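Top line first, the protein sequences correspond to chains A and B. Per our numbering, the first sequence runs over residues 6 to 423. Per our numbering, the second sequence runs over residues 6 to 423. C-beta: ideal position from N, C-alpha, C; glycine also. Quick caveat, the model's predicted, so the values are computed rather than measured.
Protein chains: 2
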Amino acid sequence: MYDASVSLKEMLHEARRAGRAIAKATPGARDRGLEAVAQAIDAALPEIMAANAEDLAAASDLSPALRDRLKLDDKRGRALAEAVRAVRSQPDPLAGEVALPDGPSGIHIARRRVPLGVIAIVFEARPNVTAECAALTLKSGNAVVLRGGKEARRSNAAIARAIRSGLRAASLPEAAVTLIEDPARETVVDLLGASGLVDLVIPRGGPGLMALVDAHARVPVIRHGQGICHVFVDRSADLAMAVEIADNAKTHRPGVCNALETLLIDRPRAKELLAVLGPVLLAKGVELRADPEALALLPPGARPAVEGDWDTEFLALVLAIRVVNGLDAALEHIEAHGTHHTAAIVATDPGVARRFLEEVDASCVLWNASTRLNDGGELGLGAEMGISTSKLHAYGPMSARELTAEKLVVRGTGQVRR
Amino acid sequence: MYDASVSLKEMLHEARRAGRAIAKATPGARDRGLEAVAQAIDAALPEIMAANAEDLAAASDLSPALRDRLKLDDKRGRALAEAVRAVRSQPDPLAGEVALPDGPSGIHIARRRVPLGVIAIVFEARPNVTAECAALTLKSGNAVVLRGGKEARRSNAAIARAIRSGLRAASLPEAAVTLIEDPARETVVDLLGASGLVDLVIPRGGPGLMALVDAHARVPVIRHGQGICHVFVDRSADLAMAVEIADNAKTHRPGVCNALETLLIDRPRAKELLAVLGPVLLAKGVELRADPEALALLPPGARPAVEGDWDTEFLALVLAIRVVNGLDAALEHIEAHGTHHTAAIVATDPGVARRFLEEVDASCVLWNASTRLNDGGELGLGAEMGISTSKLHAYGPMSARELTAEKLVVRGTGQVRR
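This is the structure:
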């Protein structure tokens with residue numbers, strides 16, 4: 006645990022040393038470490054759930070979306086160790102080399118994946134992030150420094166304690182997973198400026214955190230930015246499927262980044278679709294903010310959208326709805342208002358779907374599937390450190406592979422440059 | 006060409022539009038564009054060489070290393086179009102999709118490479134960078150904004166004019182390759198701050214440029230930092246090969262980033278190696294700066310190294326030499342003084358070589374080959390935008406592949422999140 010009496014710098018040096026030990030460990034040793042961590046989390050579950058209940062009790066002023074992110078129910082509690090085991094069962098991201106064609110001088114060339122080193126993550130209320138990020142960094146031979154939101158501090162501390170006891174049990178250095186408990190904003194600024202000590206910072210959060218990153222980042226950063234996610238229902242859509250996908254994308258867990266925020270409906274099917282979907286969503290308490298054309302087709306209870314709604318990540322049971330004329334208008338809307346996070350199309354026409362998948366510039370584009378599936382687990386990647394909305398290094402869920410770099414390995418027989 | 010009467014912002018908007026057109030063009034159209042560019046460069050070669058002669062005449066106060074970087078001789082002149090054709094003949098980095106295993110819900114998942122958008126490069130004296138970077142960005146579906154050093158401004162302008170005439174001839178938008186001719190430092194600051202308009206800045210240069218990047222970068226950056234490159238001659242080395250590799254790595258082109266700066270010699274072979282290598286290098290005018298042990302083994306003419314020499318990128322006919330005791334001492338020296346650029350080992354012992362290739366944290370590690378081979382062309386990658394010394398996104402030569410990102414493409418049959 007990061008003790009305020011130890012300087013951040015000392016702590017990061019210790020994390021680097023631990024990271025090197027994790028990198029040098031065999032894949033088998035890392036996987037045994039992950040199993041020990043999963044067991045330790047399961048053993049500590051009562052303690053973790055109690056800490057979470059305390060966090061929830063202390064956080065009475067949180068918005069419903071943030072409360073939902075903070076809360077560990079039984080299912081989410083069990084999911085902590087499950088996520089660690091899911092990461093463990095992934096293929097080793099550091100395994101093997103990929104051969105490239107020989108160079109013109111006859112040298113043999115290959116790429117080999119190497120860990121990044123020390124990865125820092127700054128996140129808000131969700132305590133499961135602690136377990137998932139620790140698992141992914143261990144799997145990929147890195148050390149992690151976690152700086153969670155103060156609302157979840159008891160939960161995070163309990164989970165981190167369990168993880169570190171698992172590491173000890175597996176004879177791995179516990180400094181490979183370090184939680185910063187100091188809630189001061191300065192710790193984030195210090196992490197962002199720790200050039201040479203931190204290899205990557207992953208900030209997960211809203212505009213406030215991103216402004217801090219803009220102002221202070223001196224180390225490489227991959228932003229997990231806002232998710233203004235779109236579903237476009239094409240005129241060729243299966244309407245029952247469109248209703249189910251829009252409903253799921255909006256209401257399954259509205260407080261998370263891959264939830265639907267704006268529904269775009271192709272004009273020829275708007276009436277038909279809204280006649281069914283409108284009542285379904287209103288019955289679930291979703292506030293509908295519609296453009297004039299959609300508003301006219303919706304039952305009473307919907308309200309007019311205002312301009313800012315197209316650029317808002319509601320993270321709540323609020324949905325913006327707009328009628329557009331065909332694929333090109335939908336693409337234009339998404340280009341203007343999307344945040345490169347997630348966009349889905351519901352269509353039976355393969356030509357329209359192909360264009361959508363090609364032309365939408367988002368980390369994950371889906372055809373006939375819910376935006377909620379842009380998630381490390383659902384994509385078979387084990388878990389994720391975050392969802393990158395910038396294209397550099399990673400675009401979309403950051404799994405163990407995205408926590409590595411590729412170096413070139415050259416084998417020659419004395420070749421020189423001519 | 007970037008005309009000072011047009012604002013940088015307008016220019017970048019134009020580059021974005023051009024980039025989208027290049028991205029939407031077929032791979033065949035991009036390759037035909039590259040051929041047209043190569044032909045236009047060849048046709049303009051007399052003009053380009055004359056511009057370079059003017060640049061050289063005006064730059065009488067440059068250091069020999071910078072003069073060498075600036076100079077286009079006949080071979081380097083011909084290499085301009087050759088590099089464009091080498092990039093053209095590379096496989097399409099945007100081709101195809103890589104299928105991943107289906108997700109647990111049954112969705113089909115694939116990764117597809119997409120261009121980054123607008124890439125800006127800030128570089129110093131080498132005019133060939135203009136042609137190579139234009140070729141790589143076109144090949145990968147991007148637009149490029151070039152901001153070269155003022156010493157090379159006539160050469161760069163002549164090359165950029167040729168490239169743009171080639172693009173016009175191939176009916177591609179010439180704004181896809183834009184040279185900023187304004188030599189003011191502010192243009193670099195503006196590029197670094199052009200959030201949302203520039204997707205990546207690649208700064209190539211020394212500590213002054215990197216400090217500017219530290220202070221002003223608000224867009225993603227991949228640094229082409231200093232190359233303090235090492236060769237370690239292990240006790241198991243073939244000495245004739247060691248002499249040839251050290252000589253080539255130091256003297257073939259001392260002003261470039263993959264040239265050797267520090268030679269480490271395993272103690273048991275130091276006397277034997279230096280007896281041959283010392284006279285060879287001294288005869289070529291190389292200044293030898295040796296630690297006491299190596300100094301005692303070198304002929305007169307060598308001088309004592311000072312502490313700072315181990316941390317200096319000489320970019321000149323200067324070589325630091327140190328005797329070390331075995332692989333571990335060599336690894337320790339490289340970890341303390343290397344810049345994650347290039348390191349080579351000369352050895353016949355495969356166990357020692359394997360450990361070196363695994364444990365040295367550098368973008369390119371070589372066994373029995375010259376550090377000068379860490380180069381896009383020599384590695385069969387066509388050319389390079391720079392050599393990344395940070396691990397994020399790219400580590401080592403940035404070829405066309407490194408100018409793309411991977412998005413996830415999901416195809417479902419109505420799957421939602423349960």
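Test: residue i CB closer than 7 Å to a CB of chain A
i: B:V415; result: yes
i: B:Q145; result: According to the sequence as given, residue 145 of chain B is Ser; it is not Gln. Output row for B:S145: interface = no.
i: B:Q420; result: yes
i: B:V370; result: yes
i: B:L384; result: yes
i: B:P106; result: yes
i: B:A374; result: yes
i: B:L121; result: yes
Cβ of residue i within 7 Å of any chain B Cβ
i: A:H398; result: yes
i: A:N133; result: no
i: A:E19; result: no
i: A:G401; result: yes
i: A:A26; result: no
i: A:I112; result: yes
i: A:R223; result: yes
i: A:A91; result: no
i: A:K412; result: yes
i: A:R377; result: yes
i: A:D316; result: no
Cβ separation of residue i and residue j, assumed to be a contact under 8 Å, to the nearest whole Å
i: A:A242; j: A:T353; result: 7 Å
i: B:N263; j: B:G232; result: 6 Å
i: B:G343; j: B:H235; result: 6 Å
i: B:L362; j: A:V150; result: Going by Cβ atoms, the distance from B:L362 to A:V150 rounds to 29 Å, so no, they are not a contact pair.
i: A:D219; j: A:V357; result: Not really, about 38 Å apart at Cβ, beyond 8 Å.
i: B:H338; j: B:T394; result: About 18 Å separates the two Cβ atoms, so there is no contact after all.
i: B:L196; j: B:T376; result: Incorrect: roughly 31 Å between the Cβ atoms, too far for contact.
i: B:R90; j: B:A43; result: 5 Å
i: B:P259; j: B:A23; result: Their Cβ separation, rounded to whole angstroms, is 38 Å, which puts B:P259 and B:A23 out of contact at 8 Å.
i: A:R35; j: A:I27; result: 7 Å
Three-state secondary structure assigned by DSSP to residue i
i: B:Y7; result: At B:Y7, the pLDDT of 48 sits below 50, so the modelled position is not reliable; the number obtained from the coordinates is stated separately. The answer is strand: DSSP assigns B:Y7 an E or B state.
i: A:P51; result: helix
i: A:A242; result: coil
i: A:Q231; result: coil
i: A:P69; result: helix
i: A:M402; result: Rather than Met, the amino acid found at residue 402 of chain A in this sequence is Pro. DSSP places A:P402 in strand when its eight states are reduced to three.
i: B:D333; result: helix
i: B:R90; result: helix
i: B:N396; result: Here residue 396 of chain B is Lys; the residue named in the question, Asn, does not match the sequence. Residue state, collapsed to three classes: coil.
i: B:A165; result: helix
i: A:F237; result: strand
i: A:L269; result: strand
i: B:A58; result: helix
i: A:K412; result: strand
i: A:I112; result: coil
i: B:Q95; result: coil
i: A:P120; result: strand
i: A:G356; result: helix
Any non-hydrogen atom of the ligand FAD within 6 Å of residue i CB
i: B:E337; result: Ligands are entirely absent from the displayed structure, and the ligand FAD is therefore not among its contents.
Best match in the options for proximity to residue i [C-alpha to C-alpha]
i: B:K155; options: B:E129, B:N133, B:K144 and B:S12; result: B:E129
i: B:A321; options: B:A334, B:L293 and B:E364; result: B:L293
i: B:P305; options: B:L324, B:G283 and B:D296; result: B:G283
i: B:R21; options: B:A125, B:T31, B:L71 and B:D271; result: B:A125
i: B:R116; options: B:V103, B:L286, B:G419 and B:A165; result: B:V103
i: B:I112; options: A:E389, A:E383, A:A405 and A:T418; result: A:E383
i: B:G38; options: B:P132, B:L177, B:A148 and B:G401; result: B:L177
i: B:Q95; options: B:E298, B:V311, B:P32 and B:D333; result: B:P32
i: A:R272; options: A:F237, A:K14 and A:T192; result: A:F237
i: B:E249; options: A:T418, A:A63, A:A30 and A:I164; result: A:T418
Using a Cβ cut-off of 8 Å, which residues of the stretch 32-50 of chain A contact any Cβ in chain B, in chain order?
none
Could you run through the stretch 230-259 of chain A and flag, in chain order, every residue whose CB is less than 7 Å away from some CB of chain B?
M246, E249, I250, N253 and H257
Using a beta-carbon distance cut-off of less than 9 Å, what residues from the stretch 150-182 of chain A approach chain D?
Given the protein chain composition of this structure (A and B), no chain D is represented.
Which residues of the stretch 49-73 of chain B have a Cβ closer than 9 Å to any Cβ of chain A? Give them in chain order.
none
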